[in-house]
Amino acid sequence: MGSRKRRYYDIFWICLCLFGLYWFTASFFLAKRSLAERSSCDEAATLLTEVLGLTLEEVRDLESSQILSSPSQERNGCWMDRKIDSLVILVVDALRFDFAYYNLPNSVGRRLKPEHEVREGSNRTQAKARLFQFVADPPTVTMQRLKALTTGGLPTFADISANMGGATVEEDSWMHQVVTIDGRNRGLSAHRARMGFVGDDTWEDLFPGFFAESYPYPSFNTRDLDTVDNGCLKHIFNMLSRIRTRASVTEDLEVIVVHFLGVDHVGHTYGPHNQHMDAKLKEMDGALSKILDRLDKSDSCHTTFIFGDHGMTEDGNHGGGTAEETHAALFVHSSPVCGESAEWDQLEETVSVSELVKEAQFSSIHQIDLVSTISMTLGLPIPYANLGSFVPALVPGEDVRRTTAALALNAAQIWRYFNVYSATANRLSGLDDLALKLKTAVDLYKDALREDKEAGISVEAYLRASSHFKVFLRECLDLGQRVWTRFDTLLA
Ligand SMILES: [Zn+2]
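All residue numbers for the sequence shown refer to my numbering, where the first residue is 3 and numbers rise by one.
This is the structure we're talking about:
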């Protein structure tokens, strides 16, 4: 090759490399930027008036009927009153839906039977339990899942490389809200709520110093099947004896997080179908059953979420986007004292709604939907950048007025986030379409409130409004997934 020809050849390759680099970085930096804003305790009225356009009179009515909490009255929550006395989160790493359905007969299976009852003195009361498909976004790795489960956000490409090194969560999360909001605004006697933790140390990497009581165990050795789980069993019952109850004065644990790791490690080492997995699931079943029995005996209202942060493939691995990896189990259980809640699903069946609305209802639950649900259950504001939807079926004692208000606040929170993000970070396209959907839902909500005030409650009117809020929330998540979770090579 002549030297001149050679030079053209070199220049061509240099240009190609530079173009490739430009293309990569331009696509990469379209990834989601995190905003520093956090939701605050006293802004429910502002969200409903300024973001949704409710009138001051409508909001005052909601406050005086104690559907909304307000700073001017004694209250048990920030935006809305808390629903439960304490929350127990039991993560069973890599708990696939089929594991929970078939292999946990004493903890999960027994409680799903309608005849399951708990004897309490002479009164027989019923604990409420349900099992759901719990759908995660890829990448199905623990650190990204825990971030999503606390912030309500979607994973970004910038995050993925951070899974190995560890990174604290900077965005608003329910964890942050629990420890920073004055507990007295949420019916606690203490200024600062306390949380307890034992298990996979990823929680401590993400939220250093958040737990008042913490027993982290190293998670990196996937051949070690028992150390983390033994640690969990060593501390959990002691912590349960200090769980916050209705009668608690100070110092009790409002939230307890336990993260078992053995099922995941057995999967990595031996795969999902063998005697090691059978033994591990049996051990889990016994432990979970003992924990739930203990909570059922309490005279306070405790909700427990048992879930897998992700699933596993048939060779025992995870990280990708196949259904085996993204579909985990979520088992929700409320102690008998929590009381009955309306059978939300059955209620909705009674209302004729369009197919579009039906499709958006929650037959399986998206993982980030747990976030606004936890926030509303504990009387916290929903995290600023959350994209998940409140799920009434997970909350004890929920009625149609409160549920619709919770969905309205959830819609206002996401709509504010989208508009602030679009104005300050990257412009989001598709907001006009969403604005129309939101307006329809808000108009229906105003109709329901008017009818309630003039002629008494119309369950149907509230359900129509709440269904349209759900459609809006689902489409917000679609927009977020479209914009942030796909590597955008067309720079669109
Ligand atoms: Zn794993």
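The beta carbon of each residue, even a glycine, is placed where N, CA and C say it ideally should be.
**Request:** Might you give, ordered along the chain, the residues of its own chain that have their beta carbon closer than 7 Å to the beta carbon of Asp12, omitting 5 neighbours on each side?
**Result:** Excluding five sequence positions before and after Asp12, none of the CB atoms of its chain fall closer than 7 Å to its own CB.
**Glu327 (DSSP reduced to helix, strand or coil)** = Three-state DSSP puts Glu327 in a helix.
**Asked** Taking just the CA atoms, how far does Lys284 sit from Ala164?
**Response** Note that Ala164 scores a pLDDT of 45, beneath 50, so its modelled location is shaky; the value from the coordinates is reported in the next line. The alpha-carbon atoms of Ala164 and Lys284 are separated by roughly 34 Å.
**Message:** I'd like the list of long-range same chain contacts for Val171, defined as Cβ closer than 7 Å, with 5 residues on each side in sequence excluded.
**Reply:** So the qualifying residues of the chain are Lys149, Thr152, Thr153, Leu208 and Phe209.
**Request:** Give the secondary structure of Glu361 by DSSP, where H, G and I count as helix, E and B as strand, and everything else as coil.
**Result:** Note that Glu361 scores a pLDDT of 40, beneath 50, so its modelled location is shaky and nothing firm can be said.
**Request:** Could you spell out where the beta strand (DSSP E) holding Gln135 opens and where it closes?
**Result:** Residues Lys130 to Val137.
**Prompt:** Distance, Cα to Cα, Lys236 vs Gly310?
**Reply:** When the Cα atoms are used, Lys236 and Gly310 turn out to be separated by approximately 21 Å.
**Asked** What is the DSSP secondary structure of Pro218, reduced to helix, strand or coil?
**Response** If DSSP states are grouped into helix, strand and coil, Pro218 belongs with the strands.
**Prompt:** Buried or exposed: Trp81, going by 16 or more other Cβ atoms within 10 Å of its Cβ?
**Reply:** A residue is called buried once 16 or more other Cβ atoms fall within 10 Å of its Cβ, and Trp81 is buried on that count.
**Request:** Alpha carbon to alpha carbon, how far is Gly55 from Ser243? Give it in angstroms, no decimals.
**Result:** Cα to Cα, the separation comes out at about 46 Å.
**Prompt:** Three or more C-beta pairs closer than 8 Å, one from the region 428-442 and one from the region 465-474: is that the case here?
**Reply:** Yes, since at least three Cβ pairs between the region 428-442 and the region 465-474 fall closer than 8 Å, the two stretches touch.
**Message:** I'd like the span of the beta strand (DSSP E) that includes Val251, first residue to last.
**Reply:** First-last for Val251: undefined, no H or E at that position.
**Message:** What would DSSP say about Asp202, mapped onto helix, strand or coil?
**Reply:** The answer is strand: DSSP assigns Asp202 an E or B state.
**Item:** Reduced DSSP category for Asn78 - H, G, I as helix; E, B as strand; rest coil
**Value:** The answer is strand: DSSP assigns Asn78 an E or B state.
**Message:** Which residue marks the beginning of the beta strand (DSSP E) containing Thr487, and which one marks its end?
**Reply:** According to the DSSP assignment, Thr487 belongs to no beta strand (DSSP E), since it is labelled neither H nor E.
**Message:** Give the residues whose C-beta lies closer than 6 Å to at least one heavy atom of ligand 1, in chain order.
**Reply:** The answer, residue by residue, is Ala96, Asp266, His270 and His320.
**Asked** When the distance is taken between beta carbons, is Ile308 closer than 8 Å to Leu92?
**Response** Pairing Leu92 with Ile308 gives a Cβ-Cβ distance under 8 Å.
**Prompt:** Between the Cα of Thr379 and the Cα atoms of Val334, Asp202 and Ser67, which residue gives the shortest distance?
**Reply:** Here the closest residue by C-alpha is Val334.
**Request:** Below 8 Å on the Cβ atoms is my guess for Val200 versus Met241; work out the distance and round it to an integer in Å.
**Result:** Val200 to Met241, Cβ: 7 Å. Contact.
**Request:** Compare the Cα-Cα distances from Val339 to each of Asp301, Val181 and Asp401 and report the closest residue.
**Result:** Residue Asp301 is the option with its Cα nearest to Val339.
**Request:** Counting only runs of 4+ residues fully inside the region 236-315, write out the alpha helix (DSSP H) ranges in chain order.
**Result:** Counting whole runs of 4 or more residues, the region 236-315 contains the alpha helix (DSSP H) stretches 264-272 and 277-298.
**Request:** Quick one: give me the first and last residue of the alpha helix (DSSP H) that Val61 is part of.
**Result:** Its alpha helix (DSSP H) spans residues Leu58 to Ser66.
**Asked** In whole angstroms, what is the alpha-carbon distance linking Asn223 and Arg112?
**Response** Their Cα atoms are separated by approximately 33 Å.
**Item:** In DSSP terms, what Arg188 is bridged to
**Value:** Looking at the DSSP output, Arg188 sits in a beta bridge with Asn78.
**Request:** Let me know if Arg6 comes out buried or exposed under the rule of 16 or more other beta-carbons within 10 Å of its beta-carbon.
**Result:** Taking all protein chains in view, the Cβ of Arg6 is surrounded by fewer than 16 other Cβ atoms within 10 Å, so the residue is classified as exposed.
**Item:** CA-to-CA distance, Glu256 to Val422, given in whole angstroms
**Value:** Approximately 32 Å between the Cα atoms of the pair.
**Item:** Span of the beta strand (DSSP E), counted from its first residue to its last, around Ile376
**Value:** No beta strand (DSSP E) holds Ile376; the alpha helix (DSSP H) holding it covers Asp371 to Thr379.
**Message:** Quick check: what's the CA-CA separation for Ser42 versus Pro383?
**Reply:** Here the alpha carbon of Ser42 sits roughly 6 Å from the alpha carbon of Pro383.
**Nearest to Asp435 (by Cα), restricted to the options Trp417, Thr328 and Thr247** = Of the candidates Trp417, Thr328 and Thr247, Trp417 places its Cα closest to the Cα of Asp435.
**Prompt:** Which two residues bound the contiguous alpha helix (DSSP H) that contains Val402?
**Reply:** Looking at the DSSP string, the run of the alpha helix (DSSP H) that includes Val402 is Val402 to Thr426.
**Start-to-end residues for the beta strand (DSSP E) that takes in Leu89** = Leu89: member of the beta strand (DSSP E) spanning Ser88 to Val94, first to last residue.
**Message:** Quick check on DSSP: helix, strand or coil for Arg98?
**Reply:** It is a strand residue.
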